[in-house]
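Following this note's numbering, the numbering of the sequence shown begins with 615 at its first residue and continues without gaps. Where is the CB? At the ideal position from N, CA and C, for every residue including glycine. Values in this document were obtained by computation on a predicted structure and should not be read as measured data.
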Amino acid sequence: GGVVEETIREDQPNEDEGEDESSTVDPQSSTQNTLWLRSTKFGDDMDRVLRRRDGRLTYIASDVAYHEDKLTRPENATKMITILGPDHHGYIGRLTAVVAALLRGPEETPEANAKALATAKEKLEVVIYQLVRFLKEGKPAPMRKRDGNIYELRDLIDELGKNLVPDGTKDEQRTTGRDVARFFYLMRSHDTTMDFDIDLATQQSDENPVFYAQYAHARICSVLRKAAETPIPMPGTAKEWAMGEGRIDHNLLTHPRELALVKKILDLPWEVERVAKDYGVHRLTTYAVELARTYHHFYDACRVIQSDQPDLTFARLDLCRATKVALHATFELLGVSSRFAFICCRSSSVCFPVFFVWSV
615 GGVVEETIRE DQPNEDEGED ESSTVDPQSS TQNTLWLRST KFGDDMDRVL
665 RRRDGRLTYI ASDVAYHEDK LTRPENATKM ITILGPDHHG YIGRLTAVVA
715 ALLRGPEETP EANAKALATA KEKLEVVIYQ LVRFLKEGKP APMRKRDGNI
765 YELRDLIDEL GKNLVPDGTK DEQRTTGRDV ARFFYLMRSH DTTMDFDIDL
815 ATQQSDENPV FYAQYAHARI CSVLRKAAET PIPMPGTAKE WAMGEGRIDH
865 NLLTHPRELA LVKKILDLPW EVERVAKDYG VHRLTTYAVE LARTYHHFYD
915 ACRVIQSDQP DLTFARLDLC RATKVALHAT FELLGVSSRF AFICCRSSSV
965 CFPVFFVWSV
């Protein structure tokens, strides 16, 4: 469209430049009125047509405009991530050449070309995503474009939402469907073919990883709500809390299930760091499920609210709060909500002055 045309016009040399051999875009190719990108100057195996003789733009012309837009965005990011499908692996070289051509300044020399190419290789990160197969009743759902039975993402979101929240509003259904679809899509590494089990995704059971992880969050909300309604003596004196000197004794957390939960909570910063390095977002879905499992084990083994043991109660409540923070942060990073629409969880304002202290 207009953006592509404008980008190509900006990249064309002025008329008085003639047919300079060093020009990146060649307006006078062997085919009249065909516009070429001299991408071989930047390591590509052949020059690429940007505009055909009849005026129609090619596929790579839109790539030029897209990456030009990325380069000029205000955030000025140091990395430019482009996602391609498994059948586009051969596009990496030409996209690198496109970015190099856009990065090179007015200096048209072999040295300038080489420098621009080196910068492009450092700046551009192409991530190849594998295909997704949809499973119904344990069998792959046949999908062929020529047969007209394409399963679009909006169809998936609608189906998931209607099955999971049949009596919910359209907004609740769409939010739920979007959360489940996103979580399932992010459960596998981008370099692994994914089987999307629609039957599993619509289950309201522990076998559904989204339900399992979000149920842990709902369970914590329930515990904190109950604690707010239960009269529990504060550890220490009121004066200590008023002076900011009140402390929760985390040394009381000695049960193996408590210690396992503490360790799992503290794994989150390292998981985030690994994701930032290799783009393996699936690590966060795995972490959410593992954290939920560790919390469920803790909940089953350790009674949280004990009026006759206020110090231990507050330590365990603080551990619950820390788990909730970690789960919520993980969901935020994944772009999903902290609960299914059908789980009605309303956090009360619970007055526990000290949060669990994280060591990072």
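DSSP state of residue i mapped onto helix, strand, coil
i	result
residue 725	helix
residue 895	coil
residue 747	strand
residue 769	helix
residue 647	coil
residue 781	coil
residue 914	helix
residue 720	coil
residue 756	coil
residue 802	coil
residue 658	coil
residue 809	strand
Outcome for residue i when other beta-carbon atoms lying within 10 angstroms are tallied against a minimum of 16
i	result
residue 917	exposed
residue 753	exposed
residue 750	exposed
residue 673	exposed
residue 872	buried
residue 686	exposed
residue 652	buried
residue 650	buried
residue 764	exposed
residue 669	exposed
residue 697	exposed
residue 756	exposed
residue 877	exposed
residue 655	buried
residue 768	exposed
Range of the contiguous beta strand (DSSP E) that encloses residue i
i	result
residue 837	Per DSSP, residue 837 belongs to no beta strand (DSSP E); it is in the alpha helix (DSSP H), 823-843.
residue 740	738-742
Where the alpha helix (DSSP H) containing residue i begins and where it ends
i	result
residue 928	924-948
residue 713	705-717
residue 813	812-815
residue 879	870-880
Any chain C beta carbon closer than 8 angstroms to residue i
i	result
residue 744	Here chain C cannot be found, since the structure has a single protein chain.
- Query: Are the segment 702-720 and the segment 765-784 in contact at 8 angstroms, needing three or more beta carbon pairs?
  - Reply: no
- Return the chain-ordered ranges of every alpha helix (DSSP H) run that is complete within the segment 665-701 and spans a minimum of 4 residues. 673-685
- Given 8 angstroms, three or more beta-carbon pairs between the segment 898-917 and the segment 933-952: yes
- Indicate whether the contact test is met: 3 or more Cβ pairs, each with one atom in the segment 786-793 and one in the segment 886-893, closer than 8 angstroms. no
- Message: For the pair the segment 915-931 and the segment 865-881, tell me if three or more CB-CB distances fall below 8 angstroms.
- Response: yes
- Message: Below 8 angstroms, how does it come out for the segment 729-743 and the segment 697-706: are there three or more Cβ pairs, yes or no?
- Response: yes
- Query: Is it a yes or a no for the segment 715-725 touching the segment 659-670, going by three-plus beta-carbon pairs under 8 angstroms?
  - Reply: no
- Query: So, do the segment 929-947 and the segment 827-841 have three or more beta carbon pairs nearer to each other than 8 angstroms?
  - Reply: yes
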